[in-house]
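Under this note's numbering, the letters of the sequence shown match residues 378 to 843, in that order. Since the structure comes first, as structure tokens, the remarks are kept for the end.
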Amino acid sequence: MNQSGTVTAPASATTRTIYSPSTGEPVGEAPVHTVDDLEKAIAAASAAQPAWAALSHEERSAALNRAADAVERSAEELAQLLSREQGKPLNGPNARFEVSGCAGWLRATAATPLHPETIIDDGEIKAELHYRPIGLVGAIGPWNWPMMITVWQIAPALRMGNAVVVKPSEYTPLSVLALIKVINQELPEGLLTVISGGRDVGARLAEHPAIGKVMFTGSTATGKAIIKSSADTVKRLTLELGGNDAGIVLPDADPKAIAEGLFWGAFLNTGQTCAALKRLYVHTDIYDAVCEALTAVAAAMPMGDGLDENNVLGPLQNRQQFDIVSRLVEAAKESGAKVLLGGNPKADQPGNFYPTTIVADIDNDNPLVAEEQFGPALPIIRYNTVEEAIAHANGLEVGLGASVWSADPAAARDVAMRLEAGTVWINSHGMVNPLIPFGGSKQSGYGLEFGLEGLKALGVPQVING
Ligand code: NAD
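Encoded structure:
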């Protein structure tokens, strides 16, 4: 086993300084890998994969469990780096939570049983369905949950006998490099490598003939580019893309009882979460009461530097995202919508802090509703009939998650069944679980992650007939 962890990434000719989104101070130097470095990583992965594939599921699961132990041993160090680079606070459902989620997902992936399925065995015909390793998997990730999403991609890939080349977001490479270095203490050399380059490296990974599957989490626009560049080699793809999740509050819900759940559904990771609640539809009978209860909860949640133990909300990770949120809130204000909280970033403050913002009396076609804001700005839209709310919720081209809030589980379920989304939560939003399949509908992507379905997606199905 590779105790040194030194082959996590090839040596690079140049480096780039990564700056804190909170203070603007340097966090560290990230290698700038090139397409040539990618070739080296692919060669090493190709050399390491056959011996790994020859191990049993039990042996590979044991390595994943040892990797989880290693993550737990380094948990505080990893959480500190994640907080400094990504901006998310140490506390709340943020950096420490993300690192512990990495260990939890490694263990859950190791523990999921996968056996050959007997399809028919009637004395005449015998057919079994097996899953063989794909070979080499490319894992391309975003900057919002950089460690957790990397583990979502690599854990099932490794468990199924594949080697992996990881391409982290250029905004958060240090977190991913540090995490993989820790995991690599328990894996054979060359099996798992990070290539910390730009979009050119991602594009080459997505078209490379040696890569059998790409696990991609990121924007819908990049997902479409990957579909095109993977076509010539007919690569398998799992695409977890953008969303604009709707929540529908039914008239019987108790505003005070649901306010905190609504808050975390929308503002988890300061709104920079793929399956966060991004448009909230509230029945007119309880509209004012929900606005008031949610605003009271939101106003009490401290935002600031991630290393301050008191904070539970942080900055936006990058200026580009700050500008998107600012533009959308300005558009809402210009349309005459009512800002209940926030909407007024301080010009003289260092970092990308955008205050927690809640906007009411807003039309469904306002850009803050129709576009994914991916930040701490929630629009609340009034509705009169449940039919109208369902039509609005289903009216976009994306469908990652959705939620229904009600005191009546059966009524909530009836509405949930009519929503076009990969997951519909009832009285919560955005909570994922390593045992429960997760994936998007419509232009939020295709393929499932987590659980048994997630394991199968990292193998090639093979029928043995006879
Ligand atoms: P992004 O698409 O800009 O970048 C994601 C990754 O793709 C980066 O590593 C980037 O370098 C790489 N990339 C860019 N161009 C490429 C190309 N042509 N070929 C291959 N790789 C390329 O996304 P982002 O801004 O980092 O992430 C935010 C988006 O991700 C949001 O839309 C969010 O909703 C979505 N997201 C989705 C999920 C999910 O599970 N569905 C989870 C997290 C984030």
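Note that beta-carbon positions come from the ideal geometry of N, C-alpha and C, so glycine has one too. Owing to the predicted nature of the structure, the values given are computational and were not obtained by experimental measurement.
Between the Cα of residue i and the Cα atoms of the options, which residue gives the shortest distance?
i	options	result
asparagine 646	Asn468, Tyr658, Met592	Asn468
serine 607	Val559, Phe593, Val689	Phe593
alanine 834	Val689, Trp529, Ala504, Asn771	Trp529
asparagine 810	Tyr823, Thr599, Gly831, Leu556	Gly831
phenylalanine 827	Gly481, His492, Leu639	Gly481
glycine 799	Gly816, Arg790, Thr392	Gly816
isoleucine 701	Val578, Gln426, Lys723, Asn729	Asn729
alanine 634	Leu614, Gly619, Arg613, Ile663	Ile663
leucine 773	Asp742, Ile395, Ala580	Asp742
glutamate 584	Ala598, Leu777, Leu614, Ala386	Leu614
glutamate 845	Leu483, Leu432, Ile739, Pro814	The requested residue 845 does not occur in the structure, where the chain is confined to residues 378 to 843.
serine 573	Gly822, Ser389, Gln839, Val792	Ser389
leucine 441	Ser451, Leu483, Lys417, Pro519	Leu483
alanine 666	Phe644, Pro632, Gly836	Pro632
lysine 612	Gly836, Gln457, Asn471, Phe474	Gly836
valine 384	Gly600, Thr489, Leu812, Ala421	Ala421
glycine 600	Arg576, His410, Met525, Leu618	Leu618
glycine 595	Gly575, Gly518, Leu569, Thr527	Gly518
leucine 569	Pro786, Gly538, Arg576	Gly538
glycine 575	Thr610, Lys590, Ile560, Trp520	Trp520
To the nearest angstrom, report how far apart residue i and residue j are at their CA atoms.
i	j	result
arginine 536	leucine 616	19 Å
alanine 445	alanine 439	10 Å
leucine 587	isoleucine 511	Residue 587 is actually alanine in this sequence, not leucine. Using only the alpha carbons, I get a separation of about 11 Å.
tyrosine 508	threonine 549	33 Å
lysine 558	alanine 636	40 Å
glutamate 406	alanine 784	51 Å
serine 381	glutamine 562	Low per-residue confidence applies at serine 381: pLDDT is 44, beneath 50, and the placement is therefore not dependable, though the value from the model is reported in the following sentence. Cα to Cα, serine 381 sits roughly 7 Å from glutamine 562.
methionine 680	serine 805	22 Å
glycine 620	leucine 491	31 Å
glutamine 463	tryptophan 522	8 Å
alanine 673	tyrosine 731	18 Å
methionine 378	glutamine 649	Low local confidence applies: a pLDDT of 43 at methionine 378 is under 50, so the model's placement there is unreliable, and no value is given.
histidine 434	glycine 567	19 Å
glutamate 494	alanine 430	20 Å
threonine 597	proline 692	23 Å
alanine 768	alanine 789	16 Å
glutamate 547	glycine 719	30 Å
proline 387	serine 703	39 Å
methionine 678	leucine 506	51 Å
leucine 671	leucine 639	7 Å
histidine 410	isoleucine 526	21 Å
asparagine 471	glutamate 416	35 Å
If you reduce the DSSP assignment to three classes, tell me which class residue i lands in.
i	result
glycine 776	strand
glutamate 453	helix
methionine 592	strand
proline 753	coil
serine 381	Because the pLDDT at serine 381 is just 44, under 50, the model does not fix this residue reliably, and the value given afterwards should be weighed accordingly. Note: serine 381 maps to coil in three-state DSSP.
leucine 835	coil
arginine 696	helix
alanine 386	coil
arginine 759	strand
asparagine 646	helix
histidine 660	strand
proline 519	coil
aspartate 498	strand
isoleucine 364	Examination of residue 364 is not possible in this model, given that the chain is present from 378 through 843 alone.
aspartate 738	coil
leucine 796	coil
serine 460	helix
lysine 723	coil
histidine 434	helix
proline 427	helix
phenylalanine 815	strand
threonine 672	helix
methionine 680	strand
Tell me, please, whether the CB atom of residue i is closer than 8 Å to any CB atom in chain B?
i	result
isoleucine 625	Protein chain content of the structure displayed is limited to a single chain, and chain B is not contained in it.
Are residue i and residue j closer than 8 Å when you measure CB to CB?
i	j	result
leucine 627	valine 781	yes
leucine 849	glutamate 748	The structure shown has nothing for residue 849, since the chain only spans 378 to 843.
glutamine 426	alanine 516	no
proline 545	valine 571	yes
alanine 708	valine 736	no
aspartate 622	leucine 459	no
threonine 394	proline 408	no
proline 466	asparagine 688	yes
alanine 504	valine 840	yes
valine 792	isoleucine 604	no
serine 477	glycine 683	no
arginine 473	alanine 447	no
Checklist entry - Counting Cβ pairs, one atom from each stretch, are 3 or more of them under 8 Å apart for the segment 646 to 662 and the segment 754 to 773? => result yes
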